[in-house]
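Chains as they are written, first to last, in our numbering: chain A, 18 to 409; chain W, 536 to 824.
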Amino acid sequence: MSHRDDRIRRDQIRLARIGMSRRQFLGRGGALLGGLAIGPAVLAACGGSSGSSSSGSDKSVSISNWTSYITDQSKSDFTKDTGIKLTYTEDINDNDEYFAKIRPNLSRDQSIGRDGFVLTDWMANRMINQVKWVQPFDPAAFTNKSNLRAPLKSPGFDPTRKFSAPWASGVTGIAYNIKTTGKEIKTIQDFLDAPGTKTALTEMRDTVGLFMRSMGIDTAHPTYAKAEPAFDALEKAVNDGKIKGFNGNEYVSDLGAGNLAAAFAWSGDVAQITLDNPDVRFAVPDSGGMLWSDNFMIPKTTDKAKLATDFINFFYDPKNAAVLTAGIKYISPVEGVDAELTKMGGKAAALVNNPLVVPTDEFLATLAIFGPLDSAEEVKFDKRFSQILGSG
Amino acid sequence: MNERDDQGRKRARLSPWLLLGPGMLFLFLFFFFPLYTLGRMSLSYRPSRFANPKFGWHWDNFSNAFSQYGSQFTRSFVYAALATLLALIIAYPLAYVIAFRGGRFRNILLGLVVVPFFTNFLIRTLAWKTILGDQGTVVGVLRDVGILGPTGTLLRTPLAVIGGLTYNFLPFMVLPIYVALEKIDPRLIDAARDLYSNTWRAFRKIVFPLSLPGVFAGSLLVFIPAAGDFVNAYYLGNSKTSMIGNVVQDQFLVQTDYPVAAALSFVFMAIVMVIVVIYAFILGTEDIA
């Protein structure tokens, strides 16, 4: 018997051992091969475009948003009122992460499977003016646009609000569990000195902004040179173990459970935690807090701009905006929400007296925005912040 | 007759290629092609911050990866080595008991090892956040007995990260060791005893050497994913416990610097490969094959 015959015999024995004939093996191999051939097509189908770029006549809209930014009632009200089916995904936890997620598709003019998303001012600036990945609203469908509050009507990044409409505004301050801290927190120093575990936010502008304000540094016109002492102070706090970590929305459960003593936090989240746990409180430091808005925008790759505009238009009706505000407890960008909240009565009406939901002029005066950064400055800010986070 | 022989020979010549085909196609599609793309990306550069990277033999991505992130590389491999060692210490006796003393409960015991891992990796890691939380029982007990100070914590420490890595990859150590131990013929141990060997000596001379293939496979299955992991360091650690996975995640998802992220991934892969080769050399692949 030749070596080759010998080898074939050995192969046959091996196949017999695993209980499969050569015919079966080849057959199954062929099936696998076929599977591999059609695999990419199947995968592509799975990753599909869920109502974004296929057909504008299909009455459904797919939206990405942050967690705790809508209620079931608002979602069903929207569908009931407009007849538009809503696919709503809470897949935004961090502006940078979401940007990285949609970048491969949008940079190649491909669908991201969404007809709208909500991102913070500075990222809206990037979307509108730097990468230009968003398209204008349908002006005929945005009839409630006039209800937008005057101070929000013409930001530098979108002076006529052609591409962006604020979804909600909020305040970055300090949330703390009074049981763990043992006393009220009024300053950044109080926060750092408080016993227990404390965390800051992975959103650079919020964390560095609060430190900048505590040192009297202007956040409206930021430069790295001006912000450097704030970075140094933040780094020292991390090195000294006074700030134990950085997170996004995850602080919500830890604060409620008492695993965190205090955290840099977003106002609406804390208002929601407080309902279940009155020990959790929110404070704007004496040196001031940060004010920001998250903006609804329509990606350039969807052909459902009209339906996406219908979506934001619905929430710019003061009545619908009031229902939304009562649920999410963030500052509404819509004029007339206060009156509608009062009409709703009960807990909703009480929110009118909560400056974190309906801010007074004095309260607004304690807040500041984080101004735009040009690309070179942003790289410096991001790099230093990543280094402090331990990943840069 | 001759024609049929010729056909048979042709088929025989073809069959190894046909048999290899699906596997090779799979490797090409899901290993070589992504590897090529990653390699190309690691040598690319960004014309502007948000522009798609362009290929350009930018070797400095590699030198940057080495020079800037040395501490995260070191930390990753130290944490992964410790997690592997801990997993081995926990898994070996466990697999030994299941294989030799499990009796009719063997399958149930094996099931108990695997069942927690039916849940999602992330959920399991988040569960550790609750277990090790400042208000959790573990911290409470350790504070009471004085092992932790009154303000001592476990969460967001290196210990929590290494513990998380050990726990999350434990079955990958238990199962190969179990399979290796289960294959050992008990008569060999009886023979050792007949030849006046005590239990320890029989274990050292027979059981352990025969279980080395399992130990080798288990160590690699734990070490490699643990070194590249970023979830445990993100949720259970702090900014001083970042591993190379966190840097890659940050470069890919926050800085969107794909070339540097790709270079980091390549450097990581190269280091892992060297470690595996050294490990195989020390343990002797001949013995464990």
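Using N, Cα and C, we set each Cβ at its ideal position, and we do this for glycine too. This one's a predicted model, so the numbers in the text were calculated from it and none came from an experiment.
With DSSP run on the structure shown, which of helix, strand or coil describes residue i?
| i | result |
| --- | --- |
| A/Glu267 | coil |
| A/Ile290 | helix |
| A/Asn146 | helix |
| A/Leu308 | strand |
| W/Lys664 | helix |
| W/Tyr814 | helix |
| W/Ser746 | helix |
| A/Glu394 | helix |
| A/Asn371 | coil |
| A/Gly56 | Because the pLDDT at A/Gly56 is just 41, under 50, the model does not fix this residue reliably, and the value given afterwards should be weighed accordingly. In the structure shown, A/Gly56 sits in a helix (DSSP, three-state: H, G or I). |
| A/Lys102 | strand |
| W/Trp830 | This structure gives no information on residue 830 of chain W, because the portion of chain W shown stretches from 536 to 824. |
| W/Ala547 | helix |
| A/Ile109 | strand |
| W/Gln670 | coil |
| A/Ala385 | strand |
| W/Leu555 | helix |
| A/Gly353 | coil |
| A/Ile10 | Outside the displayed range of chain A (18 to 409) lies residue 10 of chain A, so it cannot be described from this structure. |
On a Cα-Cα basis, can you pick out the residue from the options that is closest to residue i?
| i | options | result |
| --- | --- | --- |
| W/Leu570 | W/Ile712, W/Ser746, W/Ala798 | W/Ala798 |
| A/His238 | A/Val301, A/Gln404, A/Trp139, A/Ala356 | A/Trp139 |
| A/Ile273 | A/Ala211, A/Ala288, A/Ala157, A/Lys149 | Just to set this straight, residue 273 of chain A is Gly in the shown sequence, not Ile. Closest by alpha carbon: A/Ala288. |
| A/Gly258 | W/Met804, W/Gly574, W/Arg575, W/Thr686 | W/Thr686 |
| W/Ile759 | W/Pro693, W/Phe567, W/Met708 | W/Met708 |
| W/Leu667 | W/Arg691, W/Ala768, W/Asn642, W/Ala547 | W/Arg691 |
| A/Lys102 | A/Ile119, A/Asp89, A/Ser79 | A/Ser79 |
| A/Ser81 | A/Leu368, A/Thr214, A/Ile260, A/Asp132 | A/Asp132 |
| W/Leu716 | W/Val795, W/Val632, W/Leu623, W/Ala762 | W/Val632 |
| W/Val807 | W/Asn773, W/Tyr770, W/Pro794, W/Gly763 | W/Gly763 |
| A/Thr224 | A/Asn264, A/Ile195, A/Asn256 | A/Asn264 |
| A/Ser310 | A/Ala141, A/Arg120, A/Asp75, A/Lys76 | A/Ala141 |
Starting from residue i, trace the alpha helix (DSSP H) in both directions and tell me its first and last residue.
| i | result |
| --- | --- |
| W/Asn703 | 693-717 |
| W/Arg722 | 721-729 |
| A/Trp139 | 138-142 |
| W/Met576 | 568-577 |
| A/Phe331 | 322-331 |
| A/Phe248 | 241-256 |
| W/Ser774 | Run containing W/Ser774: none; DSSP gives neither H nor E here. |
| W/Ala615 | 605-631 |
| A/Phe208 | 205-210 |
| A/Phe228 | 221-231 |
Contact check, residue i vs residue j under 8 Å by CB: the rounded distance?
| i | j | result |
| --- | --- | --- |
| A/Asp399 | W/Gln790 | 6 Å |
| A/Pro212 | A/Gly199 | 7 Å |
| A/Gly190 | A/Phe299 | 6 Å |
| A/Phe116 | A/Met314 | A/Phe116 to A/Met314, Cβ: 12 Å. No contact. |
| A/Thr15 | A/Glu107 | Any property of residue 15 of chain A remains undetermined from this structure, which presents chain A solely from 18 to 409. |
| A/Ser392 | W/Arg584 | 5 Å |
| W/Tyr604 | W/Val696 | Going by Cβ atoms, the distance from W/Tyr604 to W/Val696 rounds to 17 Å, so no, they are not a contact pair. |
| A/Thr236 | A/Ala385 | 5 Å |
| A/Leu136 | A/Ile129 | A/Leu136 to A/Ile129, Cβ: 13 Å. No contact. |
| W/Asn767 | W/Asn703 | 7 Å |
| A/Ala185 | A/Ile348 | 6 Å |
| W/Val783 | W/Thr619 | Not a contact, Cβ separation roughly 20 Å. |
| A/Phe332 | A/Leu341 | 6 Å |
| A/Ala279 | A/Lys215 | 5 Å |
On the DSSP letters alone, give me the boundaries of the beta strand (DSSP E) that residue i sits inside.
| i | result |
| --- | --- |
| A/Val297 | 297-300 |
| A/Thr216 | 215-218 |
| A/Ser77 | 77-83 |
| W/Phe738 | W/Phe738 -> no beta strand (DSSP E), and no H or E assigned at all. |
| A/Pro183 | 182-194 |
| A/Phe380 | A/Phe380 -> not in any beta strand (DSSP E); alpha helix (DSSP H) instead, spanning 378-382. |
| A/Ala343 | Note, A/Ala343: premise wrong, no beta strand (DSSP E); alpha helix (DSSP H) at 335-345. |
In chain C, what lies closer than 9 Å to residue i by C-beta?
| i | result |
| --- | --- |
| A/Ala141 | No chain C appears in this structure, whose protein chains are A and W. |
If the cut-off is 9 Å on Cβ atoms, which residues from the segment 144-166 of chain A count as contacting chain W, listed in chain order? Gln147, Val148
Mind listing which residues of the segment 559-582 of chain W have their C-beta closer than 8 Å to chain A's C-betas, in chain order? Leu560, Phe561, Leu564
Can you give me, in chain order, the residues of the segment 661-672 of chain W that have a beta carbon less than 8 Å from any beta carbon in chain A? Lys664, Thr665, Gly668, Asp669, Gln670, Gly671
Under 7 Å, CB to CB, which of the residues in the segment 204-228 of chain A have a partner in chain W? Pro212, Gly213, Thr214
Scan the segment 244-266 of chain A for residues whose Cβ lies nearer than 7 Å to a Cβ of chain W and list them as they occur along the chain. Val255, Lys261, Gly262, Phe263
Residues from the segment 586-610 of chain W in contact with chain A, defined by Cβ distance under 7 Å: Asn587
For the segment 788-802 of chain W, which residues have a CB atom closer than 7 Å to at least one CB atom of chain A, in sequence order? Leu788, Val789, Gln790, Thr791
So if I threshold CB-CB distances at 9 Å, which residues from the segment 265-286 of chain A count as touching chain W? Glu267, Ser270, Asp271, Ala274, Gly275, Asn276, Leu277, Ala278
For the segment 680-692 of chain W, list every residue whose C-beta sits within 8 Å of some C-beta in chain A, in sequence order. Thr686, Thr688, Leu690, Arg691
Interface residues of the segment 729-747 of chain W facing chain A [CB-CB below 9 Å]: none
Near-chain A residues of the segment 645-660 of chain W - C-beta to any C-beta below 7 Å: none
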